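When the letters of the sequence shown are read in order and numbered with this note's numbering, they come out as residues 126 to 569.
Glycine included, every Cβ here is placed at the ideal spot set by N, Cα and C.
Because the structure is a prediction, the values reported are computed rather than measured.
First up is the structure itself, then whatever we jot down about it.
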Amino acid sequence: MILTILGAAGVRTPLIVREILRRQKNLHIQELRLMDIDEHHLALIQAIIHSDPTLKPSSLRMIFTTDTTAALKGADYVITTFRVGQVEARVIDETVAIESGCIGQETTGAGGFAMGLRTIPVMRETIHIMKEVCPDAWLINFANPSGMLTEAIRNHLDYKKAVGICDGPSSMIQYIARHLHVPEKMLHGHYFGLNHLGWFSSIDIMGKDIQPELLRKLSQKPEQSPLSVSLDIVLQLGMIPNEYLAYYYHRSRLSLMQQRSPLTRGQEVLQMNTALFTEIDRLVSSADHTQLFTTYQRYTQLRNQAHQRKDSASDQGMENGYAELALDLLEALEGNKRTSLILNIPNDGAIPGMSSTDIVEVTTQILNGELIPEVMQPIPLHCLALLQQIKSFEKLTIEAALEGSYDKALFALTIHPLVGDHDLAKRILDGYVLRHGPYFPLLR
């Protein structure tokens, strides 16, 4: 099997390589291709990987390349995890929104809109190459905004063997398992929504719904709640919302926090990443490789601590949830054992009121290479209304990116509930056009 990772100069790559090697006997991966257009950072990531003392010699062949076509040719699985414009672009996404008085976050609201506009044209080029050199490969998309990109890939770029992943829901299950002091594998979550916009309608242990009991325990000790959304709202919902819903349910409070914060989350991450790559570069240049992996470990600890200090959703820390989820999916697609994961796939009747082709994030059964969404009961009207509004925003953003339409881009941002104003949307959009420069699509 050949596995290709596009965007492999990212700081999480050493974690997924470690996970791949840990599971190699089950996955049967003979060749791992790690591709990125940033040759220098890719070389530094390569140095970190080779310095990992926990990695034992194996038969896995690793290829590091800047050639997209060479990386994709004949691949069986492709994981996309690139960020167009790198973290510097994320800083622009967040700061332009915050300066305009809106929520500034990399995947939600105006920031997710800008990230989608930057990334969809690059994804179109990637899909074009895949159709030529690996047309039967499964595409596992982790690049953000994951749901919007998967919608573009399947419904606009006509590549059907594609699935979007996000470790947000599985991370929530981990938090809840720790809170209940039970093994994570015992919990089965019934989840519905869109990427970064969903709810657990119930959580089972051995077929018994334990969510009412969980909510009762949380109400007794609200200060111990692992959730980012107010417990009052959670109890009113009777469901557990994804942490990113804090941006909708606590919009004013979180916007004010961002306005008062000296740095955006993107600026914090940029500072940490710059420090990491500067130090790794120094160690490589001085041929002092003994401290490479120790330096990387310190970085991952710093990222996790910064994430835990946040009062609301930001990006995930440096846990290995993304790697575990991606490889759980890969194993499930390769095997014949029924597996349940929360994935971004076509709705196909899972959420009443959404189109059958809409990409939604739902609990999914994987069996013999087939992705089967779990069908939900009729969902609360306020949930459906929000899902439909955001799905309309996603589709307009995709069309704007593929057509180069300024008007569609402007209207997409106008109807997003975290913006919701035409004049404000125009000010934000024009700010992105000006400050992103060549990383932004040409809109007419």
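What three-state label does DSSP hand residue i in the structure shown?
{"i": "G314", "result": "strand"}
{"i": "E231", "result": "coil"}
{"i": "D161", "result": "coil"}
{"i": "L458", "result": "helix"}
{"i": "G413", "result": "Correcting the residue type first, residue 413 is Asp in the shown sequence and not Gly. Coil, per DSSP."}
{"i": "T251", "result": "helix"}
{"i": "L543", "result": "coil"}
{"i": "C259", "result": "coil"}
{"i": "H166", "result": "helix"}
{"i": "I284", "result": "The sequence shown places Tyr at residue 284, not Ile. In the structure shown, Y284 sits in coil (DSSP, three-state: anything other than H, G, I, E or B)."}
{"i": "R390", "result": "helix"}
{"i": "V307", "result": "coil"}
{"i": "S344", "result": "helix"}
{"i": "L511", "result": "helix"}
{"i": "A200", "result": "coil"}
{"i": "R407", "result": "helix"}
{"i": "S350", "result": "coil"}
{"i": "R428", "result": "helix"}
{"i": "G135", "result": "coil"}
DSSP beta-bridge partners for residue i?
{"i": "N266", "result": "T205, G289"}
{"i": "L496", "result": "I491"}
{"i": "R186", "result": "E156"}
{"i": "V464", "result": "A small fix is needed here, since residue 464 is Thr in this sequence, not Val. Answer is I491."}
{"i": "G323", "result": "G318"}
{"i": "N469", "result": "G289, E486"}
{"i": "K333", "result": "I330"}
From which residue to which residue does the beta strand (DSSP E) around residue i run?
{"i": "V485", "result": "484-492"}
{"i": "I504", "result": "Where I504 is concerned, there is no enclosing beta strand (DSSP E), given that its DSSP letter is neither H nor E."}
{"i": "T129", "result": "127-131"}
So, for residue i: in the same chain, excluding its five sequence neighbours on each side, which residues have a beta-carbon less than 7 angstroms away from its beta-carbon?
{"i": "G579", "result": "Limits of the chain in this structure are 126 at one end and 569 at the other, which puts residue 579 out of reach."}
{"i": "L319", "result": "G272, V485, E486, L512, I515, K516"}
{"i": "H166", "result": "A134, F402"}
{"i": "L559", "result": "none"}
{"i": "T244", "result": "V209, A268, L274"}
{"i": "L496", "result": "V288, L468, I470, T489"}
{"i": "M240", "result": "D218, E231, T232, N269, P270"}
{"i": "V409", "result": "L169, A172"}
{"i": "P503", "result": "P477"}
Can you tell me whether residue i is buried or exposed? The criterion is at least 16 other CB atoms within 10 Å of its CB, across all chains shown.
{"i": "S344", "result": "exposed"}
{"i": "M311", "result": "exposed"}
{"i": "M331", "result": "exposed"}
{"i": "K256", "result": "exposed"}
{"i": "L506", "result": "exposed"}
{"i": "D283", "result": "exposed"}
{"i": "L381", "result": "exposed"}
{"i": "H306", "result": "exposed"}
{"i": "D261", "result": "exposed"}
{"i": "E591", "result": "No answer is possible for residue 591: it lies beyond the span of the chain, which begins at 126 and ends at 569."}
{"i": "R186", "result": "exposed"}
{"i": "G391", "result": "buried"}
{"i": "A451", "result": "buried"}
{"i": "N266", "result": "buried"}
{"i": "N472", "result": "buried"}
{"i": "L242", "result": "buried"}
{"i": "E309", "result": "exposed"}
{"i": "L388", "result": "exposed"}
{"i": "E224", "result": "exposed"}
{"i": "S176", "result": "buried"}
Cutting at 6 angstroms between CB atoms, please list the residues of its own chain near residue i, excluding the five before and the five after it.
{"i": "D436", "result": "Only weak support is given to the placement of D436: the predicted model assigns it a pLDDT of 47, under 50, and the value that follows is read from those uncertain coordinates. No residues qualify anywhere along the chain."}
{"i": "I141", "result": "A448"}
{"i": "S576", "result": "Outside the shown range of the chain, which is 126 to 569, sits residue 576, and nothing can be said about it."}
{"i": "Y300", "result": "P351"}
{"i": "A195", "result": "none"}
Which first and last residues belong to the alpha helix (DSSP H) in which residue i is found?
{"i": "L180", "result": "Careful: L180 lies outside any alpha helix (DSSP H) and carries neither H nor E."}
{"i": "D141", "result": "According to the sequence as given, residue 141 is Ile; it is not Asp. First-last of the alpha helix (DSSP H) with I141: 138-147."}
{"i": "T275", "result": "271-280"}
{"i": "L370", "result": "Looking at the DSSP string, L370 is not in any alpha helix (DSSP H), and its letter there is neither H nor E."}
{"i": "D218", "result": "211-224"}
{"i": "I358", "result": "356-362"}
{"i": "A196", "result": "193-197"}
{"i": "S380", "result": "376-385"}
Starting from the C-beta of residue i, find all residues in its chain whose C-beta is less than 8 angstroms away, skip the five residues before and the five after it, and write them out in chain order.
{"i": "P294", "result": "G314, Y316, G323, F325, N367, I467, E486"}
{"i": "P246", "result": "A526, L527, P566"}
{"i": "G199", "result": "I127, V258, C259"}
{"i": "G474", "result": "S481, P498, V500"}
{"i": "E456", "result": "R148, N151, L152, T464"}
Nearest chain D C-beta to residue i closer than 7 angstroms, yes or no?
{"i": "T489", "result": "Among the chains in the structure shown there is no chain D, since it carries only a single protein chain."}
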